[in-house]
Every structure is written in C-alpha cells, then in structure tokens.
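Visitor: Sharing a structure, written as structure tokens. Questions coming.
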Amino acid sequence: MKKSQTEFYCPDELKNVPLEMGIDEAGRGPVLGPMLYCAAFAKLNYEWPSSVNDSKQLTSDKRASILKKLEQLPVGFVVKSISAAEISAICLSRGQTSLNTISFQACQELVQRAIDEGLDIKTLYVDTVGKEESYQSLLERRFPKIKITVAAKGDSKFKCVGAASIHAKVRRDKEMEDFTFEEPNIKCDRNFGSGYPGDAVTKQWLEKNFDPVFGYPSIVRFSWNTVSMAFEQKNATALFEAPERKTVDSAFFVTRNLRSASFE
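In terms of UniProt numbering, the sequence shown opens at residue 1 and continues consecutively.
And the structure:
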C-alpha cells in the first residue's frame with residue numbers, strides 16, 4: 001500500500017501575491033474508493049466564475065465543464081487522494097484513527113504544501129468536518145498568520161471552496177472510472193454504483209463480489225459498518241497491517257474465526 005502524496009499546481013501569476021484558498025473533499029461517505037481532498041486558490045478577492053458552486057448541485061458534465069474552464073484561469077490546486085486501502089489501514093490500526101482525524105490531517109497537509117511552495121495564503125475557507133468551532137480552532141493554532149473561516153456548506157457559501165469541491169468530485173469520479181485492482185487475477189465487475197452504502201447497486205456489488213477466502217478487493221473500505229456486517233454474516237474477519245509496517249502483496253487477508261490484533 002502506497003501512502004498518499006499531495007499534488008500541486010500553481011500558475012506563475014499566483015506566485016508572490018496575496019492569495020485566498022478554499023478546501024473541500026469528495027468521497028467521505030462511500031464504502032468504495034478513495035477520499036479526495038482539494039484546495040483551490042487564486043488572488044485575494046478574485047472574481048470566480050458565477051457557475052462555480054457546490055459540486056453536489058451540479059451534473060457530472062457540468063462539473064467537468066467548469067473544471068476545464070477553471071484550469072484555463074489563474075487558479076491553482078493542491079490535491080490529495082487517500083485510497084480505500086489507506087483509509088482501511090489507518091482506521092483499523094491499533095490507534096483506531098477516525099475518519100475526521102484523517103480529514104483534519106489532509107486539510108492541514110494541503111495548506112502546508114502551499115506554504116512550503118512559497119505561496120502567500122492570506123485567507124482560508126474550509127467546508128467543515130465535525131464541529132465548526134473545534135475545526136477552526138485547530139487550524140488557527142496550526143496556521144496563526146492566516147485568517148481562517150470554517151463553515152458548514154462552505155462549498156455553497158464561498159466560491160473558492162466550491163471550486164475545490166468541483167475539482168475533488170471530478171477527480172474522484174475519474175479515479176473510480178480508471179481504478180485498477182491491485183489483486184492479481186481478480187474477477188470483479190465494475191458496476192460500483194455511487195459507492196455509498198445506501199445505494200442498491202453498491203449493495204449488490206458488495207454481495208456479488210465477496211470472496212470466501214480473500215474477502216473484498218482493495219477498493220473497499222473495511223472500516224465501514226456495511227463491510228463489517230458483511231464479514232460477520234460470512235463468518236470472516238479482515239486482518240490489516242498498520243500503515244507504518246512493511247507492505248505485502250495484498251491489502252488485506254481474511255481468516256475464519258480469527259480476530260486480528262487490530263480489532264482488540
């Protein structure tokens with residue numbers, strides 16, 4: 001399992017000028033696939049296109065069209081894709097790290113990457129995870145020189161957050177479309193549905209693609225209750241290695257009637 005890295009893109013005209021940045025994610029809730037965190041930034045008080053909005057309010061084609069336009073404008077991005085395998089390993093390790101903590105860390109990594117690249121971030125807007133006040137306080141302690149606003153539905157309130165939301169969603173959809181199974185000789189169909197636990201198509205995929213020996217492939221987040229219940233019904237338990245240990249050929253193992261130390 002490879003640890004996720006941040007990707008950085010910055011037009012030359014955004015260097016050495018005051019900037020505003022917005023951060024949002026795509027894929028927190030799905031049981032399948034990666035979680036994408038994205039930061040979009042531009043000059044302070046930049047006039048973003050009026051079409052930029054919460055990605056959930058836009059069709060797939062509209063999101064792709066807006067992102068293509070944004071990529072032609074003086075707008076930069078920092079992106080972090082966290083795979084399902086990495087989420088599983090972190091959430092089910094001895095420390096029982098929560099998804100909120102993973103989200104907090106991803107957000108901070110995006111901002112820190114921009115700072116490390118020499119950018120002058122003056123204002124930061126973040127779509128909240130958990131309590132707004134706690135999240136904002138955490139970020140203000142980490143980045144005391146930046147004016148920070150954390151808000152619910154930030155992607156519909158601040159254009160820079162909306163731009164980040166669109167980029168994250170388009171990127172996640174593309175990664176799901178192009179997903180390559182790590183497991184050799186796997187025979188899984190690709191009709192994933194939305195990936196959300198409540199989606200009937202996703203539920204059907206989980207039912208059809210459970211292997212009695214190897215469980216699920218690495219596109220599945222094993223820390224989700226939907227998957228835990230499936231393992232219990234099949235009388236199987238997933239064994240994960242912690243992120244800091246050496247990687248092995250498969251992202252997981254399954255044994256019968258054996259509980260991993262990771263669950264203790």
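We put the beta carbon where it would ideally sit given N, CA and C, even for glycine.
For a test of the three-state rule: what should DSSP assign to C10, helix, strand or coil?
Guide: Correct three-state label for C10: coil.
Visitor: Name the DSSP bridge partner or partners of C38?
Guide: C38 is bridged to D24 and V79.
Visitor: Here's the rule I'm using: 16 or more other beta-carbon atoms within 10 Å means buried, otherwise exposed. How should Y9 be labelled?
Guide: Answer is exposed; the Cβ neighbour count stays below 16.
Visitor: Consult DSSP for T149 and reduce its assignment to one of helix, strand or coil.
Guide: Of the three classes helix, strand and coil, the one that applies to T149 here is strand, per DSSP.
Visitor: Taking the C-alpha atoms as reference points, what is the distance between Q112 and K80?
Guide: Taking the straight line from one Cα to the other gives about 12 Å.
Visitor: Nearest CA to the CA of D155: which residue from P18, S93, L92 and D24?
Guide: Among P18, S93, L92 and D24, the Cα nearest to that of D155 belongs to D24.
Visitor: Going straight from the alpha carbon of F143 to that of I219, what length do you get?
Guide: Going from the Cα of F143 to the Cα of I219 covers about 34 Å.
Visitor: Is A261 helix, strand or coil when you go by DSSP?
Guide: The predicted position of A261 is uncertain, since its pLDDT is 27 and thus under 50; no value can be drawn from it.
Visitor: Have a look at the DSSP bridge pairing and note the partners of V126.
Guide: Answer is I23 and V150, bridged to V126.
Visitor: Can you give the beta carbon distance from I146 to I121, rounded, assuming they're within the 8 Å contact cut?
Guide: Correct: roughly 5 Å between the Cβ atoms.
Visitor: Going by alpha carbons, who is nearest to Y37 out of T128, V31, G95 and Q96?
Guide: For Y37, the nearest C-alpha among the options comes from T128.
Visitor: Using three-state DSSP, classify G215 as helix, strand or coil.
Guide: Correct three-state label for G215: strand.
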